[in-house]
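Read the structure below first, then the notes.
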Amino acid sequence: MNQRPRRHPRAAGTVLALLLAAAAAAAGRGAVAAPPQLETRTEAPASAAAWLDALAEEFWQRQLEEVPGLRIKEGLPVTRLPDLSYEHAVEAAELAQGLLERLAAIDPEAFDRTGDHERWLSYRMLQWQAHLAVDWVPYFWHGFQVTPYGGAFSGLAQIFSAAPVGTPAERTAYLDLLGQLPRLAGQLRANLLIQRERGILLPALEIPLVEGLFAPLAAAPEGHPFRVAPERLAGVEPAAGEAFAARVDERLAAEVAPAFAALLAVFDDRYREIAPTAVGLGQYPGGPEAYRFLVRVYTTLDDLTPEEIHRRGLAEVARIEAE
Numbered sequence: 009m010n011q012r013p014r015r016h017p018r019a020a021g022t023v024l025a026l027l028l029a030a031a032a033a034a035a036g037r038g039a040v041a042a043p044p045q046l047e048t049r050t051e052a053p054a055s056a057a058a059w060l061d062a063l064a065e066e067f068w069q070r071q072l073e074e075v076p077g078l079r080i081k082e083g084l085p086v087t088r089l090p091d092l093s094y095e096h097a098v099e100a101a102e103l104a105q106g107l108l109e110r111l112a113a114i115d116p117e118a119f120d121r122t123g124d125h126e127r128w129l130s131y132r133m134l135q136w137q138a139h140l141a142v143d144w145v146p147y148f149w150h151g152f153q154v155t156p157y158g159g160a161f162s163g164l165a166q167i168f169s170a171a172p173v174g175t176p177a178e179r180t181a182y183l184d185l186l187g188q189l190p191r192l193a194g195q196l197r198a199n200l201l202i203q204r205e206r207g208i209l210l211p212a213l214e215i216p217l218v219e220g221l222f223a224p225l226a227a228a229p230e231g232h233p234f235r236v237a238p239e240r241l242a243g244v245e246p247a248a249g250e251a252f253a254a255r256v257d258e259r260l261a262a263e264v265a266p267a268f269a270a271l272l273a274v275f276d277d278r279y280r281e282i283a284p285t286a287v288g289l290g291q292y293p294g295g296p297e298a299y300r301f302l303v304r305v306y307t308t309l310d311d312l313t314p315e316e317i318h319r320r321g322l323a324e325v326a327r328i329e330a331e
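In structure tokens:
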């Protein structure tokens with residue numbers, strides 16, 4: 009699943025693998041995978057297989073641009089932190105709609121008739137991801153990006169610990185990544201505030217846990233997790249290493265820590281007073297509909313209600329225990 013896509017005739021299997029990898033990465037970061045921005049074409053594709061391979065390749069390349077975890081797995085440098093804004097979700101939905109229109113030029117059943125089941129499955133997966141990106145927008149505000157058990161920020165430690173700092177260019181790139189953190193923290197803060205206005209707040213029991221996760225990111229440089237340890241600069245000329253470490257500390261103190269302190273300030277006394285004591289999406293305005301959508305995302309079951317899925321689960325557990 010971590011193979012890079014190859015061109016036809018071996019593309020079909022790797023197309024399927026890359027779609028699975030991209031979908032898994034999207035689910036891991038609590039979002040729907042953004043589809044590719046493809047060129048507008050007026051001419052007919054040379055073949056359905058070639059057209060599908062091109063669409064899937066574009067999809068993969070966009071995921072490589074947007075998902076840091078995939079870049080790390082592929083041995084590529086991370087140069088951009090994720091965009092967590094509602095506007096970005098809307099942009100992804102617009103791109104997804106364009107992708108669906110381009111997919112309409114392909115008859116997927118033709119792959120099945122010729123025995124090319126992997127391409128048929130790849131088509132359906134690509135179509136599925138595009139539909140989810142379109143349908144995700146109305147439920148964006150029901151997606152908690154800040155939780156004690158994960159979220160959009162959960163891969164930050166890996167990004168910064170994996171970033172090399174041995175060359176001048178790598179050190180410049182590290183400083184640039186640090187410079188993007190205030191934007192990310194600001195997006196998280198803005199989204200939490202809008203969710204609060206909509207009556208969607210973290211459960212009270214989760215607030216201290218979230219504060220514990222973010223407190224180190226709001227700490228002074230001496231205790232900040234993204235400060236570069238001296239051993240990572242062991243091969244760097246001492247003067248250059250000291251200058252770089254000083255610039256890292258300066259950026260952490262002046263930009264990064266204040267941004268995350270502002271994020272933590274969202275959880276003030278008023279937030280705690282109105283935070284629900286219960287858990288579950290069903291307690292929020294529009295929550296049952298959002299839950300139904302997430303059931304579709306994580307199970308692919310369109311025709312079953314959450315209650316029916318739960319009943320089937322209980323029946324299956326009872327069957328297994330009886331055996």
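Counting from 9, one number per residue, gives the positions in the sequence shown under the working numbering. Ideal Cβ placement from N, Cα and C applies to all residues, glycine included.
Proximity below 8 angstroms, CB of residue i to CB of residue j
i: leucine 260; j: leucine 185; result: no
i: valine 274; j: leucine 201; result: yes
i: glutamate 371; j: proline 190; result: Not covered by the structure: residue 371. The range shown for the chain is 9 to 331.
i: threonine 2; j: proline 211; result: The shown model of the chain, from 9 to 331, leaves out residue 2, and the question about it has no answer.
i: valine 75; j: glutamine 105; result: no
i: glutamate 219; j: leucine 272; result: yes
i: alanine 269; j: alanine 226; result: yes
i: leucine 89; j: glutamine 166; result: no
i: leucine 209; j: tyrosine 279; result: yes
Alpha helix (DSSP H) segment containing residue i, residue limits
i: glutamate 66; result: 56 to 74
i: glutamine 166; result: 164 to 170
i: proline 216; result: 215 to 222
i: glutamine 153; result: That residue, glutamine 153, is in no alpha helix (DSSP H); it is neither H nor E in DSSP.
i: alanine 269; result: 265 to 272
i: phenylalanine 119; result: 116 to 121
i: alanine 138; result: 125 to 144
i: histidine 96; result: 94 to 111
i: aspartate 276; result: It is not in any alpha helix (DSSP H) - aspartate 276 carries neither H nor E in the DSSP assignment.
For residue j and residue i, the rounded distance between their alpha carbons
i: glutamine 291; j: alanine 265; result: 33 angstroms
i: alanine 42; j: leucine 92; result: For alanine 42, the pLDDT reaches just 46, beneath the cut-off of 50, and the residue's location in the model is therefore unreliable, although a value from the coordinates is still provided. Cα to Cα, alanine 42 sits roughly 12 angstroms from leucine 92.
i: threonine 180; j: tyrosine 299; result: 43 angstroms
i: proline 85; j: valine 303; result: 34 angstroms
i: alanine 171; j: isoleucine 282; result: 40 angstroms
i: alanine 247; j: leucine 183; result: 17 angstroms
i: leucine 1; j: leucine 107; result: Within the shown structure, residues of the chain are numbered from 9 to 331, placing residue 1 beyond reach of any answer.
i: glutamate 126; j: alanine 118; result: 12 angstroms
i: glycine 194; j: valine 244; result: 33 angstroms
i: leucine 72; j: proline 216; result: 34 angstroms
i: glycine 158; j: valine 325; result: 28 angstroms
i: threonine 313; j: glutamine 69; result: 35 angstroms
i: leucine 134; j: tryptophan 144; result: 15 angstroms
i: threonine 308; j: phenylalanine 67; result: 20 angstroms
i: glutamine 153; j: isoleucine 328; result: 36 angstroms
i: leucine 196; j: proline 296; result: 23 angstroms
i: proline 224; j: glutamate 258; result: 16 angstroms
Under the three-state DSSP convention, the category residue i falls into
i: valine 244; result: coil
i: threonine 313; result: coil
i: threonine 308; result: coil
i: threonine 180; result: helix
i: valine 40; result: Reliability fails at valine 40, whose pLDDT of 47 lies under 50, so the model's placement of it is uncertain and the value that follows must be treated cautiously. Residue state, collapsed to three classes: coil.
i: glycine 288; result: coil
i: arginine 49; result: Bear in mind that the predicted position of arginine 49 carries a pLDDT of just 43, short of 50, making it unreliable; the figure below should be weighed with that in mind. Three-state result, arginine 49: coil.
i: glycine 249; result: helix
i: glycine 158; result: strand
i: valine 7; result: Nothing about residue 7 can be read from this structure; the chain reaches only from 9 to 331.
Residue-chain proximity (residue i, chain B), Cβ-Cβ < 8 angstroms
i: arginine 110; result: The question asks about chain B, but that chain is absent: this structure has only one protein chain.
message = With three or more C-beta pairs closer than 8 angstroms as the rule, is the segment 71 to 86 touching the segment 125 to 138?
response = no
Three-pair Cβ contact test at 8 angstroms for the segment 247 to 260 versus the segment 223 to 237 = Output reads yes: the segment 223 to 237 touches the segment 247 to 260.
request  = For the segment 109 to 116 and the segment 58 to 77, state whether three or more C-beta atom pairs, one from each stretch, are separated by less than 8 angstroms.
outcome  = Output reads yes: the segment 58 to 77 touches the segment 109 to 116.
key: Touching by the beta-carbon criterion (3+ pairs, under 8 angstroms), the segment 94 to 111 and the segment 143 to 156   = yes
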